[in-house]
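Counting in full-length UniProt numbering, the sequence shown runs from 1 upward without gaps.
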Amino acid sequence: MGSPSSSARLTLLPSNYLSSQNPSSEITLQSLIDVSDRMANEAKEALPYNFDECSYSKGYLRQSVWSCLDCGEKGVCYGCSISCHSEHRLIELWTKRSFRCDCPTVSMQAEQPSGSKRRKCVLNRPETQPQLPNEKNRYSKNFQGKFCRCGRDYDPETEEEAMLCCLGCEDWFHETCLNLRQLGDKTSNLTQPVAKDSQLPTLVTAPDDASSVLIAEEVEEEEEDEQVLIPSDTYDSLICGECVLSNPFLTSQAGKEGFMIIEPRESSWVVIGRNMRHEDEIKIGLGEKRGLEENEEASKRVKLDDGSEARGGDAFTDSEKRKGKGDVFLAHGVRNRLKSQLDMNTISSLPFPLEDEEIYEPPQDVEQEETIEEATSRVVSSLPRIQAIEALHGYQRLKEQLNDMLRSHVQSGKTVSKEDIEELFEKLKATRERR
């Protein structure tokens, strides 16, 4: 059986919808259409793109990827995650660079026992499958459902700690594992990792006053930033310790201005390499009367709220033993500056791009307008047999009597008024009650 077209309008009525209604209440065709449309809109928000196209033919892209645990822990694109693997165990990996969909390849279409058919991607022509493995794809432990250096399984239903994505390996790390937040601190109640500048959806319960929600969210974000050593708006990207150690240039820059690292100092943690000029510009923008030239020595040692210190790169000596994880937080503008400062060999050796690639997104799912007959057919087809027959009879009676009324008005030259329509519905209601 082929996969449904994403452009086809789906009817979504809960299986217990009719039984959950009050027996004395009147269920109209319009109420069924309204319920169906509401649920269809909710589904459209969750799945906004067209899912009848596989991205394999477009080559290696920066795109959203899902790992299928039931198909060898390989990666699939948005379209295949819905059309081919919707009943499988999937792990959302968010975006991956230079990744090609594995669905139509031999990596996900293993040989089956004699007499069994090989699984096929329904979005690619059968005669073109299976394709050769995607040799340029990289598969990390994320494809097994494990994230961060702690290696614990990620469960979106129970995870409460915010996570950050490394710009290099694209693995996700807990704030506490990055030493951004102490283990005893209150963590943000997020149900999924949060990438910088990402557009991942967040589910919230809408209260009566929408403005109060915005204010509450702003206050919560400010409180969260106060609890981390490096606020999210003061750096551009995270480079994990493993990626830093793999690159001589990054290792030599760690702790210098713009390449911030977090290190332990006695009973507290310090941020080394903070961009002091950027911090002063932020403070001036907030109305603090402090010039950039004022107290240069003090500007190298900025006290944080919890008693730890932020120190300029010059304050760190090689004799001090580093016990941090080696993660680097790149300040804003560093990547852009490196484009003109480094030679091509050094740039190509970096584990991350100096310029963000465009994220491939499938075409938006455009919904076609439907006629009243199509809407009726769509809703009726989802009803149990008896209710469907009754609904069709009711719709047919309405259609016949409406046509009769319109025909008589045309013949007599009369204009159809609002009162005429209301009278027609009153007659239909009275007829239904007598039955």
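Cβ atoms here follow ideal geometry from the backbone N, Cα and C, with glycine treated the same way.
The structure presented is a predicted model; accordingly, all values stated were derived computationally and were not measured.
Contacting residues, own chain, Cβ-Cβ under 8 Å from residue i (five flanking each side not counted)
| i | result |
| --- | --- |
| residue 235 | 260, 329, 330, 331, 332 |
| residue 247 | 349, 350, 351 |
| residue 85 | 66, 68, 70, 71, 76, 103 |
| residue 254 | 244, 261, 273, 326, 328 |
| residue 126 | 120 |
Separation of residue j from residue i, as counted between CA atoms
| i | j | result |
| --- | --- | --- |
| residue 426 | residue 412 | 22 Å |
| residue 69 | residue 231 | 35 Å |
| residue 101 | residue 177 | 31 Å |
| residue 122 | residue 92 | 20 Å |
| residue 308 | residue 327 | Because residue 308 carries a pLDDT of 40, less than 50, the predicted location of this residue cannot be relied on, and no value is offered for it. |
| residue 51 | residue 145 | 24 Å |
| residue 336 | residue 347 | 12 Å |
| residue 191 | residue 404 | Bear in mind that a pLDDT of 35 at residue 191, under 50, signals an unreliable position, so the model cannot answer this. |
| residue 156 | residue 175 | 16 Å |
| residue 169 | residue 240 | 8 Å |
| residue 87 | residue 73 | 15 Å |
| residue 319 | residue 143 | At residue 319, the pLDDT of 39 sits below 50, so the modelled position is not reliable; the number obtained from the coordinates is stated separately. Computed Cα separation, rounded: 40 Å. |
| residue 162 | residue 134 | 32 Å |
| residue 154 | residue 140 | 14 Å |
| residue 149 | residue 165 | 12 Å |
| residue 159 | residue 173 | 12 Å |
| residue 339 | residue 90 | 38 Å |
| residue 279 | residue 82 | The predicted model places residue 279 with a pLDDT of 48, which falls under 50 and marks its position as unreliable; any figure quoted below should be read in that light. When rounded, the distance between both Cα atoms is 45 Å. |
| residue 360 | residue 95 | 9 Å |
| residue 354 | residue 250 | 13 Å |
| residue 362 | residue 58 | 11 Å |
| residue 271 | residue 252 | 17 Å |
| residue 344 | residue 128 | 39 Å |
| residue 265 | residue 357 | 38 Å |
| residue 438 | residue 97 | Past the boundaries of the shown model lies residue 438; the chain is included only from 1 to 435, so the question cannot be answered. |
| residue 263 | residue 229 | 11 Å |
Coarse secondary structure for residue i, derived from DSSP in three states
| i | result |
| --- | --- |
| residue 153 | strand |
| residue 426 | helix |
| residue 271 | strand |
| residue 148 | coil |
| residue 206 | Residue confidence for residue 206 is low, a pLDDT of 35 falling below 50, so the modelled location carries little weight and cannot support an answer. |
| residue 143 | helix |
| residue 78 | helix |
| residue 107 | coil |
| residue 244 | helix |
| residue 251 | helix |
| residue 73 | coil |
| residue 49 | strand |
| residue 96 | strand |
| residue 127 | helix |
| residue 60 | coil |
| residue 232 | helix |
| residue 86 | coil |
| residue 412 | helix |
| residue 313 | Low local confidence applies: a pLDDT of 39 at residue 313 is under 50, so the model's placement there is unreliable, and no value is given. |
| residue 211 | Because residue 211 carries a pLDDT of 46, less than 50, the predicted location of this residue cannot be relied on, and the following value inherits that uncertainty. In this structure, residue 211 counts as helix in the three-state DSSP scheme. |
Cβ-based neighbour list, residue i, same chain, cut-off 6 Å, excluding 5 preceding and 5 following
| i | result |
| --- | --- |
| residue 151 | none |
| residue 423 | none |
| residue 131 | 104, 105 |
| residue 242 | none |
| residue 209 | Any reading at residue 209 must be qualified, since the residue scores a pLDDT of 47, below 50, and its modelled position is unreliable; the value itself is stated next. Closer than 6 Å at the Cβ level, and outside the excluded window around residue 209, lies no residue. |
| residue 334 | 258 |
| residue 119 | 109 |
| residue 147 | 154, 172 |
| residue 1 | No answer about residue 1 holds up, because its pLDDT of 42 lies below 50 and its placement is not dependable. |
| residue 414 | none |
Residues near residue i in its chain [Cβ-Cβ closer than 7 Å; skip 5 each side]
| i | result |
| --- | --- |
| residue 99 | 60, 61, 63, 65, 75, 137 |
| residue 54 | 77, 79, 80, 101, 103, 104, 121, 123, 124 |
| residue 408 | none |
| residue 293 | With a pLDDT of 36 at residue 293, under the threshold of 50, the modelled position of this residue cannot be trusted, and the question is left open. |
Assumed close pair residue i, residue j - CB separation to whole angstroms, cut-off 8 Å
| i | j | result |
| --- | --- | --- |
| residue 364 | residue 56 | That pair is no contact at about 20 Å. |
| residue 238 | residue 167 | 6 Å |
Query raised in the report: Where are the alpha helix (DSSP H) runs, 4 residues long or more, that stay fully inside the segment 328-355, in chain order?
Result: 334-341, 344-349
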